Every structure is written in structure tokens, then in C-alpha cells.
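Below: one structure, written as C-alpha cells.
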Amino acid sequence: MNTLQENHSELFNFLDTSTSPYHAVKNVRDHLLKANFTQLNEQTPWKLSTGGYFIERDGSIAAWYFRNTKEASNGLAIVAAHTDSPNLRLKPVLKGNQVGLSQFGVEVYGGALLNSWLDRDLGISGRLITLSPNNEIEEHLVQINEPVAKIPQLAIHLNRSVNENGLILNPQQHLRPIWNDVSSDTTDLVGFIASESGIDRQSIRSWDLMLHDLQKATFAGADKQWIASARIDNLISCHASLSSFIKSVSGDKFKKVPILCLFNHEEVGSTSAAGAAGNLLPLLIQRIFKDIDYSEALAKSLMVSADGAHATHPNYLEKHDLDHEIRMNAGIAIKRNSNERYATNAIGQATAQKICESNNIPYQLFSNRSDLACGSTIGPISSANLGISTIDLGIPQLSMHSTRELCGKRDVTFLEDFLFNFFGS
Ligand code: ZN
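Just add 19 to the spot in the sequence shown (first one is 1) and you have the working numbering.
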């Protein structure tokens, strides 16, 4: 039995409870605090002595271990991933009813596979913003793990050609969830969430709320060789990055300054104050190296952008470049793209292969079909922002951006091993 089979409950708990980027950050924060990291505030001056630190910014979290500025001139070893996943987000005004059913509007966040939200048992999570009696704006994480909302699919009898012509979903019209009968005494959705969460409804001013599928993470396949879960993209990478980071730091197994950076807003292009295109990481590096010229250290630095990769789909071979077949449980996928949709260049590829080969970690090389537009990651964005060589890689998966994704169990261990050895290299 391998380690993940034995110790999966912690990973599954992370996948199940990180239903919003804010919850992912909370879970990461809890792990860092347990490992004796200190939370710093960007609004106050920092005095760094030897130790682990982290900062948070709107659904993003960055942690590092600092020994001294001189050592920091060896450069940085950065592992980056993203805390957000495509989903359906609640609108600022929640109202509406039709034919005796209470409804509300949603907005599609990122490139969600819309069909995967139909007929699922949906909970609600995110944050409520309140105004306190002393006029302070306060944030409260909320998570309703009950099947409150449903988006029922249209019966086939009313759309006979759906299987031949494909399902067309208009996000404004067809994705409005139902959540109660109009005749119920409970008519205010936010009031319902507030009372379930022990928050005074009158104090609530606004929210960032989203839906999540309640089905929990599980092993799948006859040999239980796969993991089926929501948000595999990219919580699996967040978790592997976090655990390898903490393991490196606590075992003193690093040479460069290890930095873990988990960004919000990757699924919508990363351009935000908290996203990878913002100044979170550049400012953090400036503050670590305060008062010294760190351009030399930056030039010696290396980053890994860990994000999901497409496994070759057995039913859609024509969608893949079969010279670059990617299999689940056959190793991490190192991603290449000449048009810089992935940041890995030949030197980065060779560097990743060297780490794999010297630690018996299997790897595969991913390249998109040449006649299909390629996805991207935070790799090229962060790389351009910092001028740091970056390697894009990740765990092969199927059903990317569905509410229920699938990846290989062994690959999770391979990614953790790789990142641990990356921090130590
Ligand atoms: Zn991703």
C-alpha cells in the first residue's frame, strides 16, 4: 500500500473543505500556523529574523522561510499554484421566482464545463461582509454543506435532439438555481445563509459567494488507482506544494530561499491585485531583500508553476497530439509550448528531468495539438513579472474544469516528491 492510500484523509479533507479560494487560503494558513509560521501584515513594517512567514491577499497566500539576507543571495526556489477553480458565483442582487420556485442568478467564473453543474447537489460557500456596530468592515467565511441549490436539467422529452445536437446552455437563462418554494417562510437566501452561519442578517452588506458540488473526494477505479473530486485543478497542486514546502523547511532540506505562492484569479486571467499578474510576489521579494541589490539573486532563482495537465482522453484521441501521449499514474507532465503559453523552455525541461531522473520520479512531456489553441497557467505571467526562469508542470487529469475531475493517485506522490526535491536542489 502506498503512502497516499494510507494518508489520503488529510488530502481529501483539503479538497472537500476548500470550496472557495478563501477556504483554500484558510486551510493553508492552518497548516502553516501548525508548522510555526508567522503571519505578517502587508500594512505594517516587517522585521525578519530566522523563521517561516506568510502573508495573505484576497484569496491568495504566500509563505517563505528566511534565514538571512546573505543566504538569500543564493536565489529563490518558488513553487506557485492557484487557489481558485471554475464555478458558479452568486450575483450581488439575489432575487426572483418562477412558477412557485425561489431562484437566484449566477455568473460563470472562469472556463467552467457548465453541463457538470446540472442535477448536482449544490452547497454554497464564500465570504459575507458585515458592518460591525463600530462601523468596521468585517469578513466572515461561510460554508453551507447541505444541498440547498439545484440546477435541474431539461427533460429529454422536451429537447429530443439534445444527444445529437449537443447541449446549449445560456448562462443567464438556463443556470438559474432553484432553492426553495415561494410559499416557504424562508424567502431571503442571504438571510438563510446568515442564520445557518450564526451571523446577524442586518449587519451583512455584501458577499463573494459561490456554489460547490457536495460529492466528496474518493478513490475510483477497480484498483482505487484514481482520485475523483471537485477542484483537482488546482487544489491538488496547492496541497502538494504546501506539503513539500513544509517538509523541506522542517527538515532543513533547502538551499535557496523557499517560497510557496498560491494565487487567486488564475481561472480568470490572473489580472487582479491578488492574481499572479499583480505585484504580490514582486513586492514580497523586494521586502525580503530590503536594502540590498537582489538582481543577482533573482537571476539565480527558479520557479515551478504547478497546475493540472490534460491526460490523453481515450474517447477523443483526435483532440490530442499522440506523439505526446499523457497517461494518468505515469508521472508528472512537463508542459512545453513554443508560443509561451507554458513557460518551460528547453533548459527548464532539462532541469525538471534532471530532478526527476536523480530521484526516480517518472515524467511525461506534454505538447498540445498544433491545430488547437493551448491553455495557459500562471507560469508565463509570473515569469514575465519577475524575470525568473519558470517550469510549467503538473498532474495529468481528465475532465478538467468539470465539477468532478479525475487524476491518478500515484501522480500526487510523484508531484510531492518532485517539489520536495526542487526545494532541495
Ligand atoms: Zn489550473
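Quick reminder that beta carbons are idealized off the backbone N, C-alpha and C, glycines included.
No experiment lies behind these values; they were computed from the predicted model shown.
Residue i versus residue j: straight-line alpha-carbon distance, rounded
i, j, result
"His339", "Phe437", "26 angstroms"
"Ile80", "Phe282", "7 angstroms"
"Ile410", "Ile163", "37 angstroms"
"Phe103", "Ala174", "In the sequence under discussion, the amino acid at residue 103 is Asp, which differs from the Phe named in the question. Between Asp103 and Ala174, the C-alpha separation is close to 32 angstroms."
"Met20", "Arg76", "Model confidence at Met20 stands at a pLDDT of 41, short of 50, so the residue's coordinates are unreliable and nothing is read from them."
"Gln368", "Asp49", "34 angstroms"
"Ile218", "Pro171", "30 angstroms"
"Val181", "Gly427", "32 angstroms"
"Ser291", "Ser256", "21 angstroms"
"Tyr335", "Leu52", "45 angstroms"
"Gly413", "Glu337", "22 angstroms"
"Asp227", "Glu126", "11 angstroms"
"Asp390", "Thr396", "19 angstroms"
"Ser216", "Asp200", "21 angstroms"
"Ile212", "His193", "23 angstroms"
"Ser444", "Ser260", "15 angstroms"
"Lys89", "Ala241", "53 angstroms"
"Ser203", "Glu359", "54 angstroms"
"Asn87", "Pro190", "52 angstroms"
"Ile311", "Asn46", "34 angstroms"
"His332", "Asn387", "13 angstroms"
Pair within 8 angstroms by beta-carbon distance, residue i and residue j
i, j, result
"Val323", "Phe441", "yes"
"Ala362", "Ser402", "yes"
"Glu158", "Ile148", "yes"
"Glu353", "Ala330", "Checking the displayed sequence, the identity of residue 353 turns out to be Ile instead of Glu. In this structure, Ala330 does not lie closer than 8 angstroms to Ile353 by Cβ."
"Ser408", "Ile380", "no"
"Asn348", "Asp430", "yes"
"Phe308", "Ala91", "yes"
"Ala325", "Ala96", "no"
"Lys235", "Phe31", "yes"
"Ala296", "Asn404", "yes"
"Arg195", "Gly115", "yes"
"Gly142", "Glu165", "yes"
"Ala131", "Ile265", "no"
"Gly78", "Val44", "yes"
"Ser289", "Ile400", "yes"
"Phe33", "His258", "yes"
"Ile351", "Tyr382", "yes"
Residues near residue i by beta carbon distance below 6 angstroms, same chain, minus five either side
i, result
"Asn469", "Since the first and last residues shown for the chain are 20 and 444, residue 469 lies out of range."
"Ile197", "Leu120, Gln122 and Lys169"
"Leu300", "Cys280"
"Leu188", "Leu133"
"Ser445", "Past the boundaries of the shown model lies residue 445; the chain is included only from 20 to 444, so the question cannot be answered."
"Ser263", "Glu435, Leu438 and Phe439"
"Ser151", "Glu157"
"Met229", "Ser39, Asn106, Arg108 and Gly145"
"Thr450", "Residue numbering for the chain in the displayed model covers 20 to 444; residue 450 lies beyond these limits and cannot be assessed."
"Phe67", "What sits at residue 67 in the sequence shown is Leu, not Phe. Excluding sequence neighbours, Leu67 sits near Phe85."
"Ile278", "Trp83, Leu95 and Ile97"
"Gln117", "none"
Close-in-space but distant-in-sequence residues of the same chain around residue i (CB under 7 angstroms, 5 per side omitted)
i, result
"Thr422", "Ser135, Trp136, Arg139, Asp232 and Ala249"
"His42", "Thr36, Ser144, Leu160 and Gln162"
"Trp65", "Leu59 and Arg306"
"Leu384", "His343, Ile353 and Arg355"
Cut-off 8 angstroms between Cβ atoms - residues of its own chain near residue i, not counting five sequence neighbours on either side
i, result
"Asn93", "Lys274, Lys275, Val276, Ala316 and Lys319"
"Leu113", "Phe123, Gly124, Leu208 and Val209"
"Glu424", "Ala247, Ser248, Ala249, Arg250, Ile251, Asp252, Gly327, Gln416, Leu417 and Ser418"
Residue-chain proximity (residue i, chain C), Cβ-Cβ < 8 angstroms
i, result
"Ile374", "This model lacks chain C altogether, as it is built from one protein chain only."
> Whole beta strand (DSSP E) runs in the region 74-123 with 3 or more residues, listed along the chain?
Replying inline: 79-85, 95-101, 106-109 and 120-122
>> Give the list of continuous beta strand (DSSP E) stretches no shorter than 3 residues that lie fully inside the region 119-180.
In response: The region 119-180 contains these whole beta strand (DSSP E) runs: 120-122, 125-128, 141-150 and 156-168.
>> For a minimum of 4 consecutive residues, which ranges assigned as the alpha helix (DSSP H) are wholly contained in the region 311-388?
In response: 314-318 and 365-377
>> I'd like the ranges of any beta strand (DSSP E) spanning at least 3 consecutive residues and lying wholly in the region 188-241.
In response: 197-200, 223-232 and 237-239
> For ligand 1, which residues count as neighbours when the test is a C-beta closer than 7 angstroms to any heavy atom?
Replying inline: His101, Asp252, Asn253, Glu285, Glu286, Asp326, Gly327 and Thr396
> At what residue ranges does the region 247-321 contain a whole run of the beta strand (DSSP E), taking only runs of 3 or more?
Replying inline: 276-282
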